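Asker:
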Amino acid sequence: MDIPPQVTTVHLELGSVRQPYNTARIFGDTGTTFSLRDLQGKGSFGYGRVTVLHPLNANHGLRLMLAPLGYSGTGQFAAPVRFQETTFSANTPTTGSYMFNSYRVSYWSTVRQSERETWRVGGTLKVRDAKIALRQGSTYASSYNLGIVPLVYLSGERRLSERWKLLLDADGLAAPQGRAFDVGLFLAHTLSPKTDLTVGVRTLEGGADNERVYNFARLDYLSAGLIQRF
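So my numbering is basically just the index in the sequence shown, starting at one, shifted up by 18.
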């Protein structure tokens with residue numbers, strides 16, 4: 019099916035997310051290490067994400083991504099936990115809340131384009147809007163972090179047939195202070211020149227280790243989605 023290459027595309031993902039691990043210690047040099055997964059459960063939790071690809075010309079363009087994420091769960095600590103200079107008792111119902119909103123803008127260049135393949139490489143500025151909170155009865159403490167993270171961006175598509183294709187969407191970078199990797203792989207079925215349906219998987223992994231915050235997590239996503247071209 020003939021689809022013009024220079025069109026704006028909007029990809030909506032809806033699905034579930036699980037956390038194989040999510041380990042925190044706050045403050046990073048004085049707090050107690052604990053597992054949010056053990057406290058909240060592994061999941062599944064619902065999520066939604068929107069990605070917009072907008073070409074500026076034949077070889078360059080912008081990507082905008084809105085990826086809010088938040089969930090909570092209740093469990094008990096096996097031992098007392100010191101979090102944000104507050105002590106939470108063992109064997110007492112405790113609610114843990116985790117928020118990791120991500121807002122990104124990318125500039126990309128097309129490095130390969132043919133009838134079957136398109137590959138784009140660029141840079142991303144990610145706004146990280148994150149919060150961890152614990153509540154145990156009237157005892158409450160939270161740690162909030164807002165920051166900008168530079169990442170390397172890679173995306174591509176590989177046409178399998180007239181109506182089927184594979185899509186890759188990835189950001190990532192590692193540094194001494196921490197790392198962040200977000201990789202999604204999708205199978206898309208073209209319904210019309212303007213519309214695709216997708217199913218896919220995505221993994222978000224990374225974290226930071228400094229005197230204020232220690233938090234490393236892996237989140238695995240399963241989604242169904244819709245791509246609309248304008």
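Glycine included, each C-beta is placed from N, C-alpha and C at the ideal position.
Just so we're clear, the structure is a prediction, and the values are computed from it rather than from any experiment.
Can you tell me the Cα-Cα spacing of R36 and S90, whole angstroms?
Answerer: Along the sequence shown, one-based indexing puts residue 36 at 18. Along the sequence shown, one-based indexing puts residue 90 at 72. Between R36 and S90, the C-alpha separation is close to 12 Å.
Asker: Considering only residues of the same chain and omitting the five flanking positions on each side of G66, which have a CB-CB separation below 6 Å?
Answerer: For the purposes of this step, residue 66 is taken as residue 48 along the sequence shown, with counting starting at 1. Closer than 6 Å at the Cβ level, and outside the excluded window around G66, lie L32.
Asker: Would you give the residue range spanned by the beta strand (DSSP E) that Q294 belongs to?
Answerer: This structure cannot settle anything about residue 294, because the visible part of the chain is limited to 19 through 248.
Asker: So what does Q131 bridge to, in DSSP terms?
Answerer: For the purposes of this step, residue 131 is identified with residue 113 of the sequence shown, where counting begins at 1. DSSP, once it has assigned bridges, lists T136 as partnering Q131.
Asker: Could you say if the region 115-126 and the region 79-89 meet the contact criterion of at least three C-beta pairs nearer than 8 Å?
Answerer: Flag = yes, the region 115-126 and the region 79-89 touch.
Asker: How should T51 be labelled, buried or exposed, when 16 other C-beta atoms within 10 angstroms of its C-beta is the threshold for buried?
Answerer: Taking the first residue of the sequence shown as 1, we reach residue 51 at position 33. Looking at its Cβ environment, which holds fewer than 16 other Cβ atoms inside 10 Å, T51 is exposed.
Asker: Specify the secondary structure class of D56 as computed by DSSP and reduced to three states.
Answerer: In the sequence shown, the residue the question calls residue 56 occupies position 38. In the structure shown, D56 sits in a helix (DSSP, three-state: H, G or I).
Asker: Where do the N-terminal and C-terminal ends of the beta strand (DSSP E) with L30 fall, by residue?
Answerer: For the purposes of this step, residue 30 is taken as the residue at position 12 of the sequence shown. 27-43 is the span of the beta strand (DSSP E), which, as asked, contains L30.
Asker: Given Q102, which residues of its chain have a CB within under 6 Å of its CB, disregarding the five upstream and five downstream residues?
Answerer: Numbered from its first residue, the sequence shown carries residue 102 at position 84. Closer than 6 Å at Cβ, skipping near neighbours: I44, A159, S161.
Asker: Out of G155, N228, K183, which has the shortest C-alpha to C-alpha gap to T136?
Answerer: What you label residue 136 is simply residue 118 of the sequence shown in a count that begins at 1. Of G155, N228, K183, the residue nearest in Cα terms is K183.
Asker: When you compare only the Cα positions, how much space is there between Q195 and G46?
Answerer: Looking up residue 195 in the sequence shown gives position 177. Looking up residue 46 in the sequence shown gives position 28. C-alpha separation (whole angstroms): 12 Å.
Asker: Assuming contact is defined by CB atoms lying nearer than 8 Å, are G141 and V167 in contact in what I supplied?
Answerer: Locating residue 141 in the sequence shown gives position 123, counting from the first residue. Locating residue 167 in the sequence shown gives position 149, counting from the first residue. Against a cut-off of 8 Å, the Cβ pair of V167 and G141 comes out as no contact.
Asker: When you compare the CB positions of F234 and G243, do they come within less than 8 Å of one another, or not?
Answerer: Mapped onto the sequence shown, residue 234 falls at position 216. Mapped onto the sequence shown, residue 243 falls at position 225. Taking 8 Å as the Cβ cut-off, F234 and G243 do not qualify as a contacting pair.
Asker: Taking the beta carbon of R138 as the centre, do at least 16 other beta carbons fall within 10 Å, making it buried, or is it exposed?
Answerer: Residue mapping note: residue 138 aligns to position 120 of the sequence shown, counting from 1. Flag for R138 reads buried.
Asker: Under DSSP, the beta strand (DSSP E) around L178 begins and ends at which residues?
Answerer: By one-based count along the sequence shown, residue 178 stands at place 160. Element bounds for L178: n/a, residue is neither H nor E.
Asker: I need the boundaries of the beta strand (DSSP E) containing S90, first residue and last residue.
Answerer: The sequence position of residue 90 within the sequence shown is 72, counting from 1. Segment 88-93, the beta strand (DSSP E) holding S90.
Asker: May I have the straight-line CA-CA distance separating V145 from S120, to the nearest angstrom?
Answerer: On the sequence shown, position 127 is the one that residue 145 refers to. On the sequence shown, position 102 is the one that residue 120 refers to. Going by the C-alpha atoms only, they are around 6 Å apart.
Asker: What residue range is occupied by the uninterrupted beta strand (DSSP E) comprising G46?
Answerer: Along the sequence shown, read from residue 1 onward, the residue named residue 46 stands at position 28. Here G46 belongs to no beta strand (DSSP E), and DSSP marks it neither H nor E.
Asker: If I measure Cβ to Cβ from A267 and keep anything under 8 Å in the same chain, skipping five residues before and after, which residues do I get?
Answerer: This structure cannot speak to residue 267, because the chain is shown only from 19 to 248.
Asker: Whole angstroms is fine: what's the gap from L209's alpha carbon to Q24's?
Answerer: For the purposes of this step, residue 209 is taken as residue 191 along the sequence shown, with counting starting at 1. For the purposes of this step, residue 24 is taken as residue 6 along the sequence shown, with counting starting at 1. In a straight line, the C-alpha of L209 is about 19 Å away from that of Q24.
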